[in-house]
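Okay, so here's the structure we're looking at.
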Amino acid sequence: MKILPVKGTRDFYPPQMTVRNFICDGWKAASLRSGFVEYDGPIFEHLQMYQIKSGDEIVEQLFHLTDRGGRELAIRPEITPTLARMVNQQVNALPRPIKWFSMPRLCRAERPQKGRLREFFQWNIDILGVEDVLADAEVIFCTLDYLRSAGLTSKDVIAKISSRKLLAALLLHLGIAADRLETLYPILDKKAKLPAEAFEEMLAKAVESSATVKTILELMAAHSADDILHIVPDVAANETAQTALDELQRVFGYLKAMGVAEYCRFDMSIVRGLAYYTGMVFEVHDVVGDLRAVCGGGRYDNLLKDFGGPALSATGMGMGDCVLEILLRERGLLTDETFKRKLDYFVACTDAALTSAALAIAARLRAGGASVELSYKTGNLGKQLKQADACGAMRCLIVGQEYQDGGKVVVKEMATGEQSLVSEEMLLNRL
RNA sequence: GUGGUAGUAGCUCAGUUGGUUAGAGCACCAGAUUGUGGUUCUGGGGGUCGGGGGUUCGAGUCCCCUCUUCCACCCCA
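Printed below as a string of structure tokens:
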């Protein structure tokens, strides 16, 4: 019976694995450049852990199971709860600031579509214990630093940045009741995902005053502090709003100082659906705009307390591999040439009697740190050169008559076809 | 969970109103070529036509169910 792969999963054959490693290596390098240290947790956790942050609906969207002891478990659909649990467990022993990154394999029981599968990898960076917006700027910088290192320019991607604190202050200022904010966020978050009319209709249902609806719509299109002051002039006297605005402007100032300002844009329509964000929020999108968000993040100062720990401020970002890979491919940043296998040497042997000598040479080269492949067949040299070519070997060593006669091997440069006769000692000295 | 789309070799796809033993290109393996690769030529292996059921003398082709893919919703941590 033929067994099919599970819906929404991927098999990583060697070429695909090369792509995955390319992405993960880039994530890791960027994290380390910015001073983050790596952590990981178990691939499953208690189901309850995901309900704390996201409620009961979440159960339908993740893979859960009951173990033989009756424990309700879930395969992790995100790693932030694990991070919160791990940090809380050792919160008094961890040196501050806590700058951690991870590249977990996650599973979500959703219907697969473009840029979204049921199993994927997600780069997470988080800074805990820093209330200052410097940490927010660092998170955004590290994200952009990676995207830049992958070859994406400000013509390819844009970081849209806003502030939940600012949005909340503005909405309260406009007379929205505090207990209405949480229901309003998911609606505002839909602005870019819905046609303008449908969005306005949804908003009108949630907000009574049509004048307020109009003002909110104007605010959603704001791209600067001036825009906001123009739309709501009397907000200048609102202390909370002013503080939030000042913070946001400091974030942009820091991002400019770090040389990534060209990627960044203030955009009030970035809200994020989740209730738990408390400050800066941001998303990176492709400039063309036909893909879902490349990544998203923001400040979440209450989460650790919600997980039974002390109040500890936090800010972070998550980036999945699916949309990123589509984007990198579309921009020609993942080409076959990039992933051609590279091998230092291929050892060919033309006489079965010299097999041991060829093996010894290969082993010494390997001991010297070179990558070496060899043929498991002796004889037909043409066939072995063909294999050397297929392996992506830069040089082919031919162990044959010359070795028997004078202990030398033929070194053939695969790119040029140039050949030279070299002693084994000289060969090893080259390493 | 809802709607649409498609499924024939490892991959990309042909396959006539239902009609003999289902084809091509690429890839793979072998030979031409037992000491010289990328080119070329010759040959070979590889298919339960996604799966199951039905109609029919006869189904890759028509009907039903199901699985899977891709796309759009719901959701998006």
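Numbering (our numbering), first residue to last: 2 to 432. Built from N, CA and C at the ideal position, the CB exists for glycine as well.
Residue(s) in a DSSP beta bridge with residue i
i    : result
D127 : W101 and G317
Q420 : K413
L375 : V348
V236 : Its beta-bridge partners do not exist; DSSP assigns none.
L66  : L74
K161 : R266 and E284
A394 : L344
G27  : Answer is none; G27 lacks a bridge partner.
C-alpha gap between residue i and residue j, whole angstroms
i    : j    : result
I159 : E240 : 30 Å
A262 : F122 : 28 Å
T144 : A31  : 8 Å
M259 : F142 : 7 Å
D302 : K166 : 11 Å
A358 : I399 : 11 Å
F45  : K306 : 22 Å
L204 : G254 : 33 Å
G321 : E120 : 10 Å
R11  : R106 : 12 Å
L153 : C323 : 16 Å
A416 : S376 : 19 Å
L66  : R72  : 8 Å
D345 : G370 : 10 Å
G298 : P196 : 24 Å
A353 : V7   : 46 Å
V272 : K387 : 57 Å
E61  : R112 : 12 Å
S211 : G27  : 48 Å
L334 : A151 : 7 Å
T279 : A170 : 11 Å
N22  : F340 : 10 Å
A368 : A276 : 56 Å
E414 : E374 : 15 Å
Q17  : A391 : 17 Å
I80  : E183 : 23 Å
A222 : A136 : 26 Å
F37  : M427 : 43 Å
E248 : F283 : 14 Å
Among the options, nearest to residue i - alpha-carbon criterion
i    : options                   : result
W101 : D235, Y40 and K194        : Y40
Y404 : T417, S421, E414 and M415 : S421
E139 : T244, G369, V412 and K257 : K257
A245 : M259, S225 and G176       : S225
D268 : V208, I162 and A349       : I162
K215 : G116, K413, L175 and A242 : L175
N125 : R149, K191, K29 and L66   : K29
I24  : E326, G380 and L432       : E326
R86  : L66, H47 and Q114         : H47
K194 : L429, S270, L5 and L360   : S270
K54  : F308, N89, L429 and N430  : F308
K192 : I4, V20 and I217          : I217
Own chain partners of residue i with C-beta closer than 8 Å, once the 5 adjacent residues on each side are dropped
i    : result
K343 : S372, G393 and M395
L230 : V236 and A237
H286 : V158, I159, K161, L292, A294 and V295
E425 : I362, R365, G408, K409 and V410
P436 : Only positions 2 to 432 of the chain appear in this structure, which leaves residue 436 out of reach.
A312 : D302, N303, L305 and K306
L185 : L172, I177, A207 and V208
K378 : K384 and Q385
Rounded Cβ spacing between residue i and residue j (contact assumed at less than 8 Å)
i    : j    : result
P437 : L129 : Residue 437 lies beyond the range of the chain shown here (2 to 432); nothing can be said about it.
M281 : S155 : Not really, about 20 Å apart at Cβ, beyond 8 Å.
G317 : V92  : Wrong, their Cβ atoms sit about 16 Å apart, outside the cutoff.
R251 : V412 : At roughly 60 Å, the Cβ-Cβ gap does not stay under 8 Å, so R251 and V412 are not in contact.
Spatial neighbours of residue i in its chain, beta-carbon cut-off 7 Å, leaving aside the 5 residues before and after
i    : result
V131 : P98 and S314
Y51  : I59, L63, A75, P78 and P82
E219 : I232
V288 : K156, D157, V158 and I159
R34  : D146
Own chain, CB closer than 6 Å to residue i, minus 5 neighbours either side, in chain order
i    : result
A389 : F347 and C397
A274 : The residue asked about is misnamed: residue 274 is Gly in this sequence, not Ala. For G274, where only same-chain residues beyond five positions count, the Cβ hits under 6 Å are P187 and D190.
L148 : V158
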